[in-house]
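Protein chains in written order, with my numbering: chain A, 1 to 264; chain B, 265 to 528; chain C, 529 to 792; chain D, 793 to 1056; chain E, 1057 to 1320.
Here is the structure we will look at, set down as structure tokens.
Below is the structure:
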């Protein structure tokens, strides 16, 4: 559970509510169901034009991912790869099969499987690279849905405001209704702006960063697997993999690694 | 028939109509034929400057593609490639000619034809790559037309609003006409915004996603054809092609593949 | 003569004029010479800062190109290349000199000349590639001028409107002049927007598409010339060149090619 | 301590304060705590959604870097590399170990360590390249946080203004409160704009330039280290490294280098 | 002296002044020293945060470059290279030393020096490429400063306008002051817009074009130097270098070349 996503959403909404209540008008004038329907409805109508149905219906799953913590811990992965490297050095590549049984990550498991099967190194690299870039593209597609929503929401907010303004301008003869009518007209812009900047854009950003982290981990896995297959010295493999990390993460790795090496 | 495109367009328009009717003024004040003519006419006048006539006149065909479902199913294509691989393994490359007769996809058919003709592998790759990137460029050009329209519509919406505002400001002495005049002036901005965000932008997005899907399928075809020509083991070909797919699609493929292999 | 460019410009202006006249105020209030001078003058003053004089003065030539049809027809070019390939096959590379005499395209002529001179294939490729990318860069520079104008026109439109608004606000005490003053102030924004969206942006787009088409033709020429020099089979050359084309263009090519081959 | 960052921030704020006081209303009407809370709170709520907690909490450290001067002086680094090159030439690569003891830069130290260990040149290059691009990505991520804040602040400024406008429009019947209410509504836009353009955007820009400078230094280090490992002539190494520098910096280097060479 | 830059600036300012005077209010209402100070001051305060002091202080030098004509004439450079090629052919590479004495361009001089010193061709290419891309990066950094200023000026223009609007809205009870107060508030937006679109953006564009031209000349120099070093035929070198040029420039070159070849 990623507390920051939930906390940010709740905190942001609470702040907005507090800002509204500070005007001593209550939350009432800020809630106009028809305006809400126009903005959300228009945004999602256009969204369903933009994305094939099977993908569009998956938007909930994509959004939900921003509430989950990443499953892979970089320290554990590097420790596991070094453990595999030590096993391969001492007992040969075939011995990896056993060590692979407790790997949870599908990508690493597949890579080990390919090595154990004696697949040609170039083919291993080609298959894993294709798989990694396919995953990256699917992530980008998911973020693209949120970016599309973030672009559509303010646009339909403006469409709603224009509808409201035209109605208000047609009835200028009743001065007392001008203010409230225009207030209502502005609400769709308010909803659209809030949806884009609190609900869609930041979540898209989070998924982008998560995807980048996952790709670094996959790059580390590929680098590590190819080095294991090439029979390189575990110490050199460690040196290579650590080059991907920041000094801070490197230090935090040390205990895990020592464990791995002690174990080895 | 892609129901989502049609449903999104109808749903979006219905929502806007409902939002307009919620103001109890009827749909009348929102329909101003001269405003509609200025926005649509100006947008398409600029569009015909921007695109050579033969391409510009094809905009209907480009737009229409967003209402059609893609013809290629990834599962069928992979099954077909594996079937071809099995045939080639057992009976030689020339035996592919027969198996190719029932291929509907022109690109795959052409590739099989090149292999049967004994074309040099590098030339096969070069011809298919050129063809794939030419197709991708033509798709991008089609989307470019919709993106141009999506940029022009709000611009001419603003031009129309400026025309209306200038007229209104010249006649400020009749206060009763100010409201309705300004309402009419705003309509062109409303039309331009709706055209861009409901009709052009989402459809361009859909064509972009369809094109990306089609390119993945073409990449799979090229990879598969070259592997068949190289005489690779069908199991390794399967491994290679599956790396392009998401885990979900991979699982959905299994039955089709089993069929293909049983058949083989 | 590209009728679409001229028709689009005239049609767009006619529509705007019609939209203006629909307000029953005549065209008068929309024509303010000082406003026109500020927008056009400011735009071009900044434009002359932005571009070296020799290039800036060439803007008319660049603009004019959007009114001309492209000289190269893809069918004629491919037919010519296949004819050259046949000649070279039967009579040797030196025989190309004669066949080159009626080539109108400078680029193709130069390429044939290099081959006849016995230039090293890598050098031929290097010289033609350099020339092609230099041409593409010059095209991009021409478009860049129009894009700069399209960015400057609305900016100086806004500058003009600000000048007008400040003047109007300083004289608020005469209520009868407020409307007309503000109307005049808005005119510069109107002019700037029209210049950008009707005159500059669409023409830049057309030049972009023309340039892309020309580059495809040049790529076909280079591919064809190098294949001729390598002594490849004309049928394979045809296969290679057609990969650049859409199925529709391919079909339209058939008669021309048959002619070329009958001739050969 | 980078005086320009601090001076710019203080100077910018002083100017704004002076501009406010020039209106003879005091600073009071420009300070509205609820508005400040909405803009800053909303911006950071969305920011915490966008970035994983561990990174988001590091924003202070990232921001603080813009107040520090870079630790590496290009002249000192080149002099050091030339000194190492001379040592390696005269006494062999192993002699570098001693000379490396007083290197403060971690990256250069690591590189020297790899050379002393007799690591394969390609592996040295691969490890240092990976490390350099990992550092560049971490820098880009830090700047990305500031860019996200710079995009969010004006957005929440507008959200705050919309909240205020709706409140004002609901109470139009009290004319005396219209002005001040609208003034308060505009404050959030003012805060958001100032945050983006004075606090976030310029600092992101400074970090971008610093990062680019650091990458040039790292490129120089890699180039120098590989040349040392290849046993190249120190004069050629000097020629190579100086190609990275501007003529001005080159001249300023001369004394340092002469020192280094005299020393050598 | 680049007359176009100066002429454009003076012409643009004269036009704006004329547009202002056309309102018969004199230039007075458009000159508000506090507003000028806020926009210029705020823009440069943020600018000094964004750029390290040593670079920021160099902004005058960068700006000044747009008033100078480029020193290198493409015809002279090509003639010189061909002259060097002829010398090298007849008298050997060492004879270039003498011919290099009258080369003014530092880059070409350095290249000739490297060749005379018998430097390895790959190293010559590597050093000159590094130097060329370092120069291109420094140019881009200079333009980046102007682009930053062009982005900051309108932003601080808006900040100033918000300050003025808030002040005006707080004093709505004095109707006679509303107009002039709002006029003054708009001035900062006017200044910011003018600074960006007349002073910063066009000059950045000019430097971009100049840099591109310079890079083409440097590419020609590198190509020419490597060909000379490889002992290629001067006629082939000429053919290669001319591929970089437009047909128009090629024709204008002919006299200079003939001279060079006559001389040779």
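From the three backbone atoms N, C-alpha and C, an ideal C-beta is built for every residue, glycine too.
Just so we're clear, the structure is a prediction, and the values are computed from it rather than from any experiment.
- Contact with chain A is found for residue 926 (chain D), since one of that chain's Cβ atoms lies less than 8 Å from the residue's Cβ.
- Inter-segment contact for the region 41-52 of chain A and the region 456-470 of chain B is present: three or more beta-carbon pairs are separated by less than 8 Å.
- Secondary structure note for residue 688 (chain C): its alpha helix (DSSP H) is the uninterrupted segment 649-698.
- In the three-state reduction of the DSSP assignment, residue 1302 (chain E) falls in the coil class.
- In summary, residue 958 (chain D) is buried, with 16 or more beta-carbon neighbours lying within 10 Å of its beta-carbon over all protein chains present.
- In summary, no residue of the region 567-593 of chain C has a CB separated from any CB of chain B by less than 9 Å.
- The Cβ atoms of residue 504 (chain B) and residue 491 (chain B) sit closer than 8 Å to each other.
- The DSSP-derived three-state label of residue 4 (chain A) is helix.
- The region 466-486 of chain B makes contact with the region 316-334 of chain B: 3 or more CB pairs, one atom from each, lie closer than 8 Å.
- Contact with chain E is found for residue 697 (chain C), since one of that chain's Cβ atoms lies less than 8 Å from the residue's Cβ.
- Taking residue 13 (chain A) as reference, the option from D:964, D:805, D:799, D:831 with the minimal CA-CA separation is D:831.
- With contacts defined as CB atoms closer than 8 Å, residue 899 (chain D) and residue 1013 (chain D) qualify as a contacting pair.
- Between residue 951 (chain D) and residue 194 (chain A), the CB-CB gap stays under 8 Å.
- For the region 706-722 of chain C, the residues whose beta carbon sits under 8 Å from a beta carbon of chain B are, in order, 706, 707, 708, 710, 711, 714, 715, 717, 718, 721, 722.
- Residue-level contact by beta carbon holds for residue 1036 (chain D) and chain E, with a gap shorter than 8 Å.
- By the Cβ-count criterion, residue 639 (chain C) is buried, with 16 or more other Cβ atoms from all chains shown falling within 10 Å of its own Cβ.
- A distance below 6 Å between beta-carbons, with the five flanking residues on each side excluded, links residue 1177 (chain E) to the following residues of its chain, in chain order: 1285.
- Interface annotation, residue 728 (chain C): not in contact with chain E, CB-CB separation never under 8 Å.
- Distances from the CA of residue 1208 (chain E) to each of D:995, D:922, D:845, D:812 were compared; the closest alpha carbon is that of D:995.
- Residues of the region 267-289 of chain B with a C-beta less than 8 Å from any C-beta of chain C: none at all.
- Chain C has no Cβ within less than 8 Å of the Cβ of residue 1128 (chain E).
- Taking a beta-carbon distance threshold of 8 Å, residue 1252 (chain E) does not count as an interface residue toward chain D.
- The beta carbon of residue 719 (chain C) lies closer than 7 Å to those of 563, 564, 567, 685 in the same chain, with the five residues before and after it left out.
- Between residue 59 (chain A) and residue 269 (chain B), the C-beta spacing is not below 8 Å.
- Between residue 698 (chain C) and residue 1075 (chain E), the gap from beta carbon to beta carbon reaches 8 Å or more.
- Given a length threshold of 4 residues, each whole run of the alpha helix (DSSP H) inside the region 589-640 of chain C is given here in chain order: 602-619, 624-628.
- Neighbours of residue 557 (chain C) in chain B, taken as residues at a C-beta separation under 8 Å, are given in chain order as 430, 431, 434.
- Listed along the chain, the chain D residues whose CB falls inside 9 Å of the CB of residue 209 (chain A) are 842, 843, 844, 847, 933, 936.
- Residue range 465-493 is occupied by the alpha helix (DSSP H) that includes residue 479 (chain B).
- For residue 68 (chain A), the closest Cβ of chain D is not nearer than 8 Å.
- Within chain A, the C-beta atoms nearer than 7 Å to that of residue 952 (chain D) come from 19, in chain order.
- Among the CB atoms of chain B, one or more fall inside 8 Å of the CB of residue 768 (chain C).
- Restricting attention to C:696, C:700, C:705, the CA atom closest to the CA of residue 436 (chain B) is found in C:705.
- For residue 971 (chain D), the enclosing alpha helix (DSSP H) starts and ends at 967-986.
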